[in-house]
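Numbering (the working numbering), first residue to last: 2 to 253.
To start, the structure under review is shown below, and the notes come after it.
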C-alpha cells in the first residue's frame, strides 16, 4: 500500500500563533454559548459521555483509501456503554487547477471527496444478541479556502439505518472552520464545527451537535485528536449530551 504523504505545515510567526490561538478559543466559546442557548433541557437532565476512538487509514492509490473505525461511547451518567465498528471507502477528485495539492492529505487540502461505508452499533454487555443498529453511510465533503489560510469545510451525509428491524434515514449537514499551524515543530489543526440532523422517524431537524478540538500530529503515521462536544436533541432527553472524546489516528 502506498503511504499517504504528510501535509506541508504552515509556518507562522509568534504573533500569528497568538492570534490564531486567541481566535480558536473565541470560536470554541462561541459554539458552547450557542449550544447552551438552544439547549432544550435543563442542566441536570444532560448526559455526560466519554468516547475513545481508533481510526485507521490505508491508501490504495492517490484517489482511494480504506477507512476503519472503532469507538466506545461510555455514558458516565447512566453507567452504560455502546460500541461502534465501521469500514468505509473514500474517493477523491484530483485538484486539476492546483496540481501542488494532488499528493496532500485529503482532509486538509483536497477540495472534494466522497465516502461510502457500513457501521454496526451494539452494546458490549449484550454482544451475543447482535448489533442494535446497522447503518449504510453516504458522504460528500467539500472544502473552500478562506482568508488567512483558514479553510471552510462542509459535509453532507445520509445514514440509512436499520434499528431493531425498522428502517429509517437521517440526513446530516456539518459546517466548520479549521487552520493548520506549527508550534514548536508540532503540526496542529484546531477546528470548530456545527452539525444539524434531520430524522425521518420524527420528520424534523431534531438534533444539533457543536464540537471543537484539535488534531495533533505525533509522527508521520500517528495523530491524536482531543475534542469537546455539546449535543442537543428536542426529541430525546438522552440525546442531550456533554461529550469529551479522544481519537487516535493511524495512516498507512
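Note that beta-carbon positions come from the ideal geometry of N, C-alpha and C, so glycine has one too.
Source: prediction; values computed, not measured.
What are the residues that DSSP puts in a beta bridge with residue i?
i           : result
residue 113 : 143
residue 61  : Its beta-bridge partners do not exist; DSSP assigns none.
residue 193 : 178, 213
residue 254 : Nothing can be reported for residue 254, as the shown portion of the chain is limited to 2 through 253.
residue 74  : 83
residue 185 : Answer is none; residue 185 lacks a bridge partner.
residue 237 : Paired residue(s): none; residue 237 is not in a bridge.
residue 132 : None; residue 132 has no bridge partner.
residue 173 : 158, 198
residue 121 : 86, 135
If residue i sits next to residue j, beta carbons under 8 Å apart, how far is it from one beta carbon to the other, in whole angstroms?
i           : j           : result
residue 242 : residue 47  : 7 Å
residue 124 : residue 167 : Not quite, the Cβ-Cβ distance comes to about 18 Å (not below 8 Å), so this is no contact.
residue 211 : residue 236 : About 18 Å; that fails the 8 Å criterion.
residue 192 : residue 157 : That pair is no contact at about 18 Å.
residue 150 : residue 190 : Not really, about 11 Å apart at Cβ, beyond 8 Å.
residue 117 : residue 89  : 7 Å
residue 58  : residue 66  : 6 Å
residue 230 : residue 244 : 4 Å
Leaving out five residues before and five after residue i in sequence, what residues of the same chain have Cβ atoms less than 6 Å from its Cβ?
i           : result
residue 54  : 72, 248
residue 70  : 56, 87
residue 62  : none
residue 232 : 210, 242
Which residue comes first and which comes last in the beta strand (DSSP E) that contains residue i?
i           : result
residue 234 : 223-234
residue 81  : 81-93
residue 205 : 205-218
residue 250 : 242-252
residue 160 : 152-164
By Cβ distance below 7 Å, which residues in the same chain neighbour residue i in space, the five residues on each side in sequence not counted?
i           : result
residue 239 : 48
residue 147 : 153
residue 170 : 159, 160, 161, 162, 201
Using a 10 Å radius around the Cβ and a threshold of 16 neighbouring Cβ atoms, would you call residue i buried or exposed?
i           : result
residue 130 : exposed
residue 176 : exposed
residue 250 : buried
residue 200 : buried
residue 50  : buried
residue 179 : buried
residue 99  : Because residue 99 sits at a pLDDT of 46, beneath the cut-off of 50, its placement in the model cannot be relied upon, and the following sentence gives the value as read from the coordinates. Its Cβ having fewer than 16 others within 10 Å, residue 99 is exposed.
residue 143 : exposed
residue 114 : buried
residue 182 : buried
residue 93  : buried
residue 138 : buried
residue 234 : buried
residue 91  : buried
residue 132 : buried
residue 253 : exposed
residue 79  : exposed
residue 104 : Bear in mind that the predicted position of residue 104 carries a pLDDT of just 48, short of 50, making it too unreliable to give a figure here.
Between residue i and chain B, is there a C-beta pair that is closer than 8 Å?
i           : result
residue 224 : Going by chain labels, chain B is absent from the structure shown, which holds only one protein chain.
Return the chain-ordered list of same chain residues with a C-beta closer than 8 Å to the C-beta of residue i, the five sequence neighbours on each side being excluded.
i           : result
residue 119 : 87, 88, 89, 135, 136, 137, 138
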